[in-house]
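When we follow the working numbering, the leftmost residue of the sequence shown carries the number 50, and every step to the right adds one.
Data first, discussion second: the structure below is written as structure tokens.
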Amino acid sequence: MKQEINTMNYFHVTLPAESPCDYPIVVGADFHEILSHLPEGRVFTKCVIITDDTLKTLYGNTLLTHLQHAGQDAILFSVPAGEHSKNVATYQHLIQGLVEAGCERGCVILALGGGVVGDLAGFLAGTYLRGVPYVQMPTSLLAMVDSSVGGKTGINIPQGKNLIGMVHQPLLVLTDVALLKTLPPEHLINGLIEAIKVFLIADYDSLLFVEAELEGILSGDTRLLQDVVARALAIKIGVVSRDEKERGERALLNFGHTVGHALEKVSDYTVLHGIAVGYGILVEARIAQILGVLTVEHLQAIDAIMARLGLHGHFLQQYDISEVIAATKNDKKVRSGCVQYVILQSLGKALIENNRYVHPVSDTVVQQAYSECVGA
Ligand SMILES: NC(=O)c1ccc[n+]([C@@H]2O[C@H](COP(=O)([O-])OP(=O)(O)OC[C@H]3O[C@@H](n4cnc5c(N)ncnc54)[C@H](O)[C@@H]3O)[C@@H](O)[C@H]2O)c1
């Protein structure tokens, strides 16, 4: 699945027959070399870059010029940076922009940004004229290791996050890890936690690699970051290829997310997604230990790596535990009122029993795990 050629990593996502789809992912550390992978043979009537205001200045204008010099009819739309741009009004504004610019079915959308731009532009591409192709060009570590791959797109409404959305797979994913040099440090940690989550459920060797190289990764070493991205993608691509629509195995990627999503909600989304997932991992790993599935030693190893990222359980004491538990009930994995969790079996392995990837856990156990986290 993964071939290493010089300094680039090449992957391929192949989805099963129910939604036949194939797309390449290129990971490198040179913007211009990465751009050489844009689909050249294919003629697009227009290239539409969607980005945010911060990234427009940093990289968007360069991309626009590059495309125009290459003879493409290219335009750029930017939205304010941040989660609040993933809304219906911004979506409608962009649709209007596409219509006014005369974009036809032959256009392509380039999503240059973090997960917000990726989700918004992907949804725009999936719905405009009943679907046009799009290229993911992730710029945040979270988008590189997670949101740019798998085709989940969507926007938020006041009732909740990602409540409007669809699965629309990209034509191509172009990932340039050198762009991470301008990413604020808390966003580097935010994305790294999503990579660690993947390693916790499926790749012990990569977890050891992150533990050993953590300081270099956090200092922004491009070679190490490329390694983290390539390792996390190899796992995610395998899972998505086997279970695109989350009917089974893909649910494992939600480790830490049941409590993480609840924390995002009770904090009114002031805690970044990946950081909230990090705290969710602390609580959910404790659930596994309380249930007698995960050893204390493995739990301590998880606590230790999260502590090195600045995440300590006592942070959770500011939230009302009953509110957090109530918020977990909104989770997509609730069945007959019972919340289902991914249960970690050991470092690098999630519990899979009788083909079940998520398991019902009582509120009492969740409450105990949360309290133990606060006191740890
Ligand atoms: N589709 C999926 O599968 C999936 C998975 C996980 C998360 N998400 C979504 O992703 C979103 C979060 O993504 P995010 O954390 O990337 O947030 P984001 O897109 O808001 O980016 C974070 C901030 O970093 C800035 N930024 C991004 N790249 C930069 C760079 N290279 N240099 C300087 N600044 C940069 C952005 O302008 C923004 O201010 C959420 O909306 C979440 O729901 C989607």
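Even glycine gets a Cβ: it sits at the ideal position worked out from N, Cα and C.
Helix, strand or coil at residue i [DSSP, three-state]
{"i": "Tyr108", "result": "helix"}
{"i": "Asp225", "result": "strand"}
{"i": "Glu346", "result": "helix"}
{"i": "Ser371", "result": "helix"}
{"i": "Pro207", "result": "coil"}
{"i": "Tyr406", "result": "coil"}
{"i": "Ser196", "result": "helix"}
{"i": "Gln389", "result": "strand"}
{"i": "Asp101", "result": "strand"}
{"i": "Asp252", "result": "coil"}
{"i": "Gln185", "result": "strand"}
{"i": "Gly297", "result": "coil"}
{"i": "Gln394", "result": "strand"}
{"i": "Lys201", "result": "strand"}
{"i": "Val216", "result": "strand"}
{"i": "Glu260", "result": "helix"}
Any non-hydrogen atom of ligand 1 closer than 7 angstroms to residue i Cβ
{"i": "Leu365", "result": "no"}
{"i": "Val165", "result": "yes"}
{"i": "Glu298", "result": "no"}
{"i": "Asn110", "result": "no"}
{"i": "Gly322", "result": "Correcting the residue identity first, residue 322 is His in this sequence and not Gly. Yes, the Cβ of His322 comes within 7 angstroms of a heavy atom of ligand 1."}
{"i": "Lys105", "result": "no"}
{"i": "Lys210", "result": "yes"}
{"i": "His81", "result": "no"}
{"i": "Thr188", "result": "yes"}
{"i": "Pro182", "result": "no"}
{"i": "Thr202", "result": "yes"}
{"i": "Thr224", "result": "no"}
{"i": "Thr231", "result": "yes"}
{"i": "Gly1", "result": "Given that the chain is displayed from residue 50 to residue 425, the structure contains no residue 1 and the question cannot be resolved."}
{"i": "Ser196", "result": "yes"}
{"i": "Glu235", "result": "no"}
{"i": "Lys294", "result": "no"}
{"i": "Asn58", "result": "no"}
{"i": "Lys135", "result": "yes"}
{"i": "Asn239", "result": "yes"}
{"i": "Gly269", "result": "no"}
{"i": "Ala376", "result": "no"}
{"i": "Asp252", "result": "no"}
Residue i, enclosing beta strand (DSSP E) - first and last residue
{"i": "His61", "result": "57-64"}
{"i": "Val308", "result": "Looking at the DSSP string, Val308 is not in any beta strand (DSSP E); the run it does join, the alpha helix (DSSP H), is 306-315."}
{"i": "Asp71", "result": "70-77"}
{"i": "Leu159", "result": "157-162"}
Delimiting residues of the alpha helix (DSSP H) encompassing residue i
{"i": "Ala125", "result": "The sequence as given places Leu at residue 125; Ala does not occur at that position. Counting along the chain, Leu125 falls outside any alpha helix (DSSP H), though it belongs to the beta strand (DSSP E) covering 123-128."}
{"i": "Thr419", "result": "First, the amino acid is wrong: residue 419 is Tyr here, not Thr. Where Tyr419 is concerned, the enclosing alpha helix (DSSP H) stretches over 412-424."}
{"i": "Asp270", "result": "Looking at the DSSP string, Asp270 is not in any alpha helix (DSSP H), and its letter there is neither H nor E."}
{"i": "Val137", "result": "137-149"}
{"i": "Gln338", "result": "322-339"}
{"i": "Ile401", "result": "Premise fails: Ile401 is in no alpha helix (DSSP H) and is neither H nor E."}
{"i": "Phe364", "result": "Phe364 -> no alpha helix (DSSP H), and no H or E assigned at all."}
{"i": "Glu82", "result": "80-84"}
Nearest to residue i (by Cα), restricted to the options the options
{"i": "His408", "options": "Leu116, Ile392, Gly171", "result": "Ile392"}
{"i": "Ala174", "options": "Ser196, Ala350, Ile206, Leu220", "result": "Leu220"}
{"i": "Lys201", "options": "Ser316, Ile374, Asn211", "result": "Asn211"}
{"i": "Arg299", "options": "Ile250, Gly309, Ile324", "result": "Ile250"}
{"i": "Ser189", "options": "Tyr183, Leu263, Asp225", "result": "Asp225"}
{"i": "His236", "options": "Ile204, Gly269, Glu421", "result": "Gly269"}
{"i": "Val97", "options": "Asp79, Asn136, Tyr108, Ala150", "result": "Ala150"}
{"i": "Ala192", "options": "Phe93, Gly240, Arg280", "result": "Gly240"}
{"i": "Gly341", "options": "Tyr183, Leu302, Val414", "result": "Val414"}
{"i": "Gly297", "options": "Glu243, Tyr390, Glu313", "result": "Tyr390"}
{"i": "Asn110", "options": "Asn379, Gly155, Gly162, Tyr72", "result": "Gly162"}
{"i": "Ala130", "options": "Val148, Gly164, Leu302", "result": "Gly164"}
Proximity test, residue i beta-carbon vs ligand 3 heavy atom, cut-off 7 angstroms
{"i": "Leu191", "result": "By its list of ligands, the structure shown excludes ligand 3, since it contains just ligand 1."}
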